[in-house]
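Trainee: Under the UniProt record's numbering, read the sequence shown as residues 1 to 640, first letter to last.
In this text, a Cβ means the ideal position worked out from N, Cα and C, and glycines have one as well.
Fair warning: this is a prediction, and the values are worked out from it, not measured in the lab.
Pasting a structure here, questions to come.
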Amino acid sequence: MSHVQYVDELVKEYLLFRGFSQTLKTFDNELKAEKEKGFRVDKIVDQLMQYIFTFDLMSLRELWGHLDTRMFSRLENHFTPAVRKLENAVLKMYLVNATVNNKPERIQEFFTKLTPELQGHSEWKDWFAYPFIKNPEDNPIYSVHFSKQWQDTMLVSLHNFLATIFQCMPQPTLLTIDEDSNKLKRLQEENEALKQCLSESTKIESISDVNPGSTPHHPPIMDDFYIIAQESPLMENPKTLRSLIKNIGGGSSPILHRKSLSSAKKNGDDITSTKRPNTKGRVNSLSKGELVSKRSMSCDSRLTRKRDSSVDPAIERKTKDKIESSYILLSQEEYTEHKTSIIQCKSNASGSYVATGDADGIIKVWTPIPSPKTVATFTSTTLTSNKAVTSLDWISKNERYFLHGDNNGSIQLHDTRDCKTLWEIQHEGSRIVTLLCNPTDSTFVCSLSDPTEGKLLLYDLKTKKLERTLPMDGNVTALCSAFNHNGQLLITGLSNGNILIHDLRRNEIIDNLSCHSSPVIDIELINDYTNICAQSEEGKLCQRSLNQTGKVMWETKIKIEKNAVHGKLFTFDQSGTHMLLCTQNGGNIYKMPPGTQAKVLELGGHKGTLCCDWSTANQSGTCITGGAEGKARVSTLLSP
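Here you go:
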């Protein structure tokens, strides 16, 4: 990030060149007020220490909160303890500095303002007695924090932590343009060097061909099974197993391949040839079929360089990519216990159970493998006829329990082992739009829709108590939601087509993205939780960057069921490179980004697909699709 200042100067120069004087003035003012200090770690650490030395507690908290929202909240979950430890160390240094400078009023102010926030943390349990301890530097609990060694270690750790984050965070294109230019220059130099080597090699080969005393070199004849003894066991290499399954009955031996070519020649087939004259006037021709097909792994590795040079590398690479990137459909079965449209389907974390909910308020819990079998059945307690299951999610930390919500404002927690309902929360006159369990703690988010307004509520699973109502921008309804990996950010699609990003720790909105012109009905995070994929009611599907706000990665238009209650309409495999998408005829798997050319597999089986789920807990991924005809289709895949 050391070149950020250089890019800032380039932007200023460009704005001045274009005559954007007001924009340049605004840009200068914002640069002066920016909290990241041009991503200079030393400047950020100095600013934190300046706030400590001047006893500016609110500015210290504001700067750390900005770093937390901007960067720390997007780290992997296992970094959270390190972030909290550094934050506590900075606050303790503030107290130590106040003590050293004999500022008891600053210590009192510290605990008055931060006690509600710190009292639930065990690390601060002994520090609430700090204001009442005389000579805390002599107390064994606090003495280590007065040592120069502890303070220096803390500052070095903070410096290294920030430097590592800045080094690894995604950068905008403008910051990488210099690096890309240098890379292109290196590639051009390498390309010229390779051309020179190829030219010299061709000259040597030509001299060898005109030498009458030279003896042609033929590749050794090898048995195709020779390579088996040298390869690792199949189970240690899943791709080898996958290739073996894919080629059963489809492989071609060299003899049969030559026979098919000769018969095609006799029948007058049009065979495209690649001709290469040699120095003796002979013409060597290879058919197009020979270019694409390969004898075997063992024979290919032993071909001479001269023969390899005649094979088009683009065709060979395209064929290899196609084989390695596609899924293999191993089996398909149907679950037919529902009598009406299946609106919701969701697998638990291990993929051992699937819960499906229909338009009659019936929820079935069943095992998808080896064949669908019902484990438990739950029925909505609502007495009215309009009791469709509108939302469903499994508890993240315990696969035994799941939540469901319906059209009449009822939320229920179910126990699959004892086949019973543990508790119910009733919102009279409302409709439960979505339920989503936090991946790291025992809370869940619930979206309500009623005639007057929409609400987004955060509940505690254990106590059933409403913790708080999340802020919303305007009179809108939250139609879909997704947590990031550590459960600290909530991304929500709204009825006005926008996407809200909530910071749950601070209970505030940190971003409001304008995404679609119609309601956002499904949303998911992909690619290490740095990109948002959202689908609108009119069938528009797009991917946007979470790090580069507003940047559209791709957009496409798909057909969806009109005027139908539905669940999740798309989901991704574990790598985020393939998407399972609900279509009118069943589920389709696409390589990202989706499109006609990117389709790799059609699962089919429905006359209107209303929900889907993709469990990748094991290598054989399981795709579940629920249809308007009341059938759930289970497709078992072998992943690439």
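Does the distance from the CB of residue 387 to the CB of residue 374 come in under 7 Å?
Mentor: If you number the sequence shown from 1, residue 387 lands on position 387. If you number the sequence shown from 1, residue 374 lands on position 374. No; because the gap between Cβ atoms is not below 7 Å, this pair is not in contact.
Trainee: Whole angstroms are fine: how far does the CA of residue 181 sit from the CA of residue 194?
Mentor: Numbered from its first residue, the sequence shown carries residue 194 at position 194. Numbered from its first residue, the sequence shown carries residue 181 at position 181. Approximately 20 Å, taken between the alpha carbons.
Trainee: Does DSSP put residue 109 in a helix, a strand or coil?
Mentor: Along the sequence shown, read from residue 1 onward, the residue named residue 109 stands at position 109. If DSSP states are grouped into helix, strand and coil, residue 109 belongs with the helices.
Trainee: Can you give me the C-alpha to C-alpha distance between residue 377 and residue 344, rounded to a whole angstrom?
Mentor: Here residue 377 refers to the residue found at position 377 of the sequence shown. Here residue 344 refers to the residue found at position 344 of the sequence shown. Going from the Cα of residue 377 to the Cα of residue 344 covers about 14 Å.
Trainee: Would you tell me roughly how many angstroms separate the C-alpha atoms of residue 639 and residue 592, rounded to the nearest one?
Mentor: In the sequence shown, counting from the first residue as 1, residue 639 sits at position 639. In the sequence shown, counting from the first residue as 1, residue 592 sits at position 592. About 15 Å.
Trainee: Going by the beta-carbon positions, is the gap between residue 478 and residue 525 smaller than 7 Å?
Mentor: Counting from one through the sequence shown, the residue named residue 478 turns up at place 478. Counting from one through the sequence shown, the residue named residue 525 turns up at place 525. Their beta carbons are not under 7 Å apart, which means residue 478 does not touch residue 525 by this criterion.
Trainee: Determine the contact status of residue 433 and residue 447, defining contact as a CB-CB distance below 7 Å.
Mentor: Taking the sequence shown and counting its residues from 1, the one referred to as residue 433 is at position 433. Taking the sequence shown and counting its residues from 1, the one referred to as residue 447 is at position 447. Judged by their CB atoms, residue 433 and residue 447 are nearer to each other than the 7 Å cut-off.
Trainee: Is the beta carbon of residue 499 less than 7 Å from the beta carbon of residue 515?
Mentor: Taking the sequence shown and counting its residues from 1, the one referred to as residue 499 is at position 499. Taking the sequence shown and counting its residues from 1, the one referred to as residue 515 is at position 515. A Cβ-Cβ contact shorter than 7 Å links residue 499 with residue 515.
Trainee: Closer than 8 Å is the cut-off here; do at least three beta carbon pairs connect the region 466 to 477 with the region 504 to 514?
Mentor: yes
Trainee: Report yes or no: do the region 76 to 90 and the region 128 to 135 share at least 3 C-beta pairs separated by less than 8 Å?
Mentor: no
Trainee: Look at the alpha carbon of residue 62 and the alpha carbon of residue 4, and state the distance between them as a whole number of angstroms.
Mentor: If you number the sequence shown from 1, residue 62 lands on position 62. If you number the sequence shown from 1, residue 4 lands on position 4. Roughly 23 Å separates the two Cα atoms.
Trainee: Three-state secondary structure (DSSP) at residue 636?
Mentor: Stepping through the sequence shown from its first residue, residue 636 is reached at position 636. Strand at residue 636.
Trainee: Extract the residue ranges of the beta strand (DSSP E) inside the region 403 to 470, only unbroken runs of 3 or more that lie entirely within it.
Mentor: 410 to 415, 420 to 426, 431 to 437, 443 to 449, 454 to 460, 466 to 469
Trainee: Taking the alpha helix (DSSP H) that residue 66 falls in, what are its first and last residues?
Mentor: Taking the first residue of the sequence shown as position 1, residue 66 is located at position 66. Segment 57 to 70, the alpha helix (DSSP H) holding residue 66.
Trainee: Closer than 8 Å by C-beta to residue 361: which residues in its own chain qualify, once you throw out the five before and the five after it? Chain order, please.
Mentor: Here residue 361 refers to the residue found at position 361 of the sequence shown. Contacts found: 379, 380, 382, 387, 388, 389, 406.
Trainee: Where does the unbroken beta strand (DSSP E) through residue 590 begin, and where does it stop?
Mentor: Translated into positions along the sequence shown, residue 590 becomes position 590. Segment 586 to 591, the beta strand (DSSP E) holding residue 590.
Trainee: Count the C-beta pairs between the region 546 to 555 and the region 570 to 580 that are closer than 8 Å, then say yes if the count reaches three, no if not.
Mentor: Touching, no.
Trainee: Between the Cα of residue 545 and the Cα atoms of 151, 538, 529, 560, which residue gives the shortest distance?
Mentor: Within the sequence shown, the letter at position 545 stands for residue 545. For residue 545, the closest of 151, 538, 529, 560 by C-alpha to C-alpha distance is 529.
Trainee: Compute the Euclidean distance between the alpha carbons of residue 496 and residue 457, then round it to the nearest angstrom.
Mentor: On the sequence shown, position 496 is the one that residue 496 refers to. On the sequence shown, position 457 is the one that residue 457 refers to. Spanning the two alpha carbons is a distance of roughly 19 Å.
Trainee: Quick one: measure Cβ to Cβ for residue 330 and residue 625, integer angstroms, because I've assumed they're closer than 8 Å.
Mentor: Position 330 of the sequence shown holds residue 330. Position 625 of the sequence shown holds residue 625. About 16 Å separates the two Cβ atoms, so there is no contact after all.
Trainee: By how many angstroms is the C-alpha of residue 531 removed from the C-alpha of residue 74?
Mentor: To locate residue 74, count along the sequence shown from 1; it is residue 74. To locate residue 531, count along the sequence shown from 1; it is residue 531. Approximately 12 Å between the Cα atoms of the pair.
Trainee: State yes or no: is the C-beta of residue 604 within less than 7 Å of the C-beta of residue 586?
Mentor: The sequence position of residue 604 within the sequence shown is 604, counting from 1. The sequence position of residue 586 within the sequence shown is 586, counting from 1. A contact, by the Cβ cut-off of 7 Å.
Trainee: Could you tell me the alpha carbon to alpha carbon distance between residue 52 and residue 118, rounded to whole angstroms?
Mentor: Taking the sequence shown and counting its residues from 1, the one referred to as residue 52 is at position 52. Taking the sequence shown and counting its residues from 1, the one referred to as residue 118 is at position 118. Our two residues, residue 52 and residue 118, have alpha carbons roughly 18 Å apart in a direct line.
Trainee: Do you know offhand how far residue 41's Cα is from residue 350's?
Mentor: Within the sequence shown, numbered from 1, the residue matching residue 41 stands at position 41. Within the sequence shown, numbered from 1, the residue matching residue 350 stands at position 350. Each residue's Cα considered, the two are about 42 Å apart.
Trainee: Here's the rule I'm using: 16 or more other beta-carbon atoms within 10 Å means buried, otherwise exposed. How should residue 6 be labelled?
Mentor: In the sequence shown, the residue the question calls residue 6 occupies position 6. Counting Cβ neighbours within 10 Å, residue 6 comes out exposed, since fewer than 16 surround it.
Trainee: Grab the span of the alpha helix (DSSP H) containing residue 150 for me, first residue to last.
Mentor: As a working note, residue 150 is residue 150 in the sequence shown. Unbroken alpha helix (DSSP H) run through residue 150: 148 to 168.
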